[in-house]
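To keep things clear, I will list the structure first and then write my remarks on it.
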Amino acid sequence: MSDKRMRPPKQIGSYQIKHMIGSGSFAVVHLCTNTKDNKDYAMKIVNKATFKQKEVLDHFEMEIRVLHQMRHQNIVQFIDLLKDDNFIYVILELCPCGDLFNFIIDKKFLSESEAKVMFKQIISGLNYIHSIGAMHRDLKPENILLDSTGMAKISDFGFARFAPSNNLVKTPCGTTSYASPECIAGKPYDGIKSDMWSIGVILFAMITGQLPWTEKNHAGLHQQIMKGEYKVPEYVSPKLKELIESLMNIDPDKRPTTQDLLAHSWLEGADTLELPYVQPAGVSLKYLDKFFQIDISDLAIPVQEKKQKKQAVSSLGLSYEEIRKYKESQNVIPQDASTSRSPPKITVPPSAAEFLKRKQLLCLEKGTHSSLKVTERIKTKARVTSYFIQHKPRAISTKLPALRKPMPPKLNR
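Using my numbering, read the sequence shown as starting at 592 and increasing by one per residue.
Right under this line is the structure:
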């Protein structure tokens, strides 16, 4: 009886809930159809039991508030937010062509001409995120989705935050292979500059079909990342090699910004066009305020905490009222709405055996990534090293191969 009562209903509001299309540690994703316009969306369903601890609810609220501001065609769009007695329902734009992870596996690797088109789309979205004072902090191929035209869209804002005045955050998070050296070090770091490192690792994976790291154990992997020990293959063009190395520079201050990337000479061949402004979400900031205040009372959090909520200081050192004022002062119309006229086409999937082989090359076991949290800090006389050692069913494989062979010939330029 209990299991039946806790199953999501067949419909919530105007949304008909259909089959499951994905799942994560704290939520499942279903296909849904809005009966008002007959359009399909992705519905993220979160059990309210997940929010027994107040910090988990606060974390979820921050994710929704950040996502609410993401009005760009290269970012998965937030559509609606609903709830009932047992679940919270987040309605998102549907991206039916999968993610960049599987796209790379299907193709083995991307040519430079293909990669620059998709990379520019990703950078355009990230440029918008940074321009409104936010940081993603979990950029990886699984979090880059592809819509029905093959356009890249940044997703999963579970670790996203609005940046404090100095851009420094304290919590290491993300996925080990894409985390920056300063993030792994366990000291305050600039989340925006850390995003740029992650984008560099993604670009490396797009071009080579694998990760830049070769160490097999966590401690060795962390050291390799901290020291920036990787090798860009010889077949990569000089301009791209310089770009990857600038992004994966262990000195955060020497990494380019998204604006620098959009003006980089390697991206000159990417065909672009201006797209119309993305319409705002169907929910207002006022609705979000009311939604989360109601949830707090529903979860029986003490009344005094509820009263203090608006003035409570977030983990960024900003009050919710300060965040709201900041966001309302921003011009959310995208300044750079460029994307590809001819996005890469989705290829025919490989056989099961070939699929597994390519997974090993890319070293990203689909469905086995872990969200990294600091669960132990090992103190030494010289420094404090924070290791991401919380192993869940989604723990990342650290068995990394040598560079792919044979290497393709250099591109004709």
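In this text, a Cβ means the ideal position worked out from N, Cα and C, and glycines have one as well. As the structure is a prediction and not an experimental result, all values here were calculated from the model.
query: Euclidean distance between Cα positions of K822 and S828; result: 14 Å
query: Segment contact, 8 Å Cβ cut-off, at least three pairs: the region 836-843 with the region 708-724; result: no
query: Closest Cα partner of L730 within the set L691, S837, D697; result: L691
query: Cβ-Cβ separation, I798 to F700 (assumed contact under 8 Å), whole Å; result: 6 Å
query: Selected residue, minimal CA-CA separation from L737, among F750, N758, Q712; result: Q712
query: For A754, the residue or residues it bridges with in DSSP; result: Bridge partners of A754: none, in fact.
query: Close-in-space but distant-in-sequence residues of the same chain around I603 (CB under 6 Å, 5 per side omitted); result: L673, Y680
query: Alpha helix (DSSP H) runs contained entirely in the region 695-726, provided each spans 4 or more residues; result: 703-722
query: Between the CA atoms of F753 and A903 - distance to the nearest angstrom; result: Its pLDDT being 38, under 50, A903 is placed unreliably by the model, and the measurement read from it follows with that caveat. Cα-Cα distance, rounded: 15 Å.
query: CA-to-CA distance, I608 to K807, given in whole angstroms; result: 42 Å
query: Collapsed DSSP secondary structure at D787 in the structure displayed; result: Asp is not the amino acid found at residue 787; the sequence shown has Met there. Residue state, collapsed to three classes: helix.
query: Sub-8 Å separation of G819 and K707 beta-carbons; result: no
query: Test item: CB-CB of T641 and F617 under 8 Å; result: yes
query: Residue from M839, K877, I835 with nearest C-alpha to W857; result: I835
query: Sequence-distant residues of the same chain with beta carbon closer than 6 Å to A633, five excluded per side; result: V620, L683, L685
query: Chain-order list of residues whose beta-carbon lies under 6 Å from that of Q815 (same chain, five-residue window excluded); result: W804, E806
query: Alpha-carbon to alpha-carbon, F883 and E733; result: 28 Å
query: Per DSSP, the bridge partner or partners of V637; result: A618, I679
query: Reduced DSSP secondary structure (H/G/I, E/B, other) of G811; result: helix
query: Residue range of the alpha helix (DSSP H) that includes L737; result: Segment 735-737 is the beta strand (DSSP E) holding L737; no alpha helix (DSSP H) there.
query: Three-state secondary structure assigned by DSSP to A796; result: helix
query: Supposed close pair N693, N638 - CB separation, criterion 8 Å; result: Rounded, the Cβ-Cβ distance is 27 Å, inconsistent with contact.
query: Local Cβ density within 10 Å of A854, reported as buried at 16 or more and exposed below that; result: exposed
query: Among D747, L622, N757, nearest to N665 - alpha-carbon criterion; result: D747
query: Residue interval of the alpha helix (DSSP H) (run including L838); result: 829-838
query: T805 (DSSP reduced to helix, strand or coil); result: coil
query: Continuous alpha helix (DSSP H) stretch holding L853: start and end; result: 849-853
query: Sequence-distant residues of the same chain with beta carbon closer than 6 Å to G613, five excluded per side; result: V620
query: D844 (DSSP reduced to helix, strand or coil); result: helix
query: Separation of C623 from I783, as counted between CA atoms; result: 34 Å
query: Inter-residue Cα distance where the pair is M611 and P599; result: 11 Å
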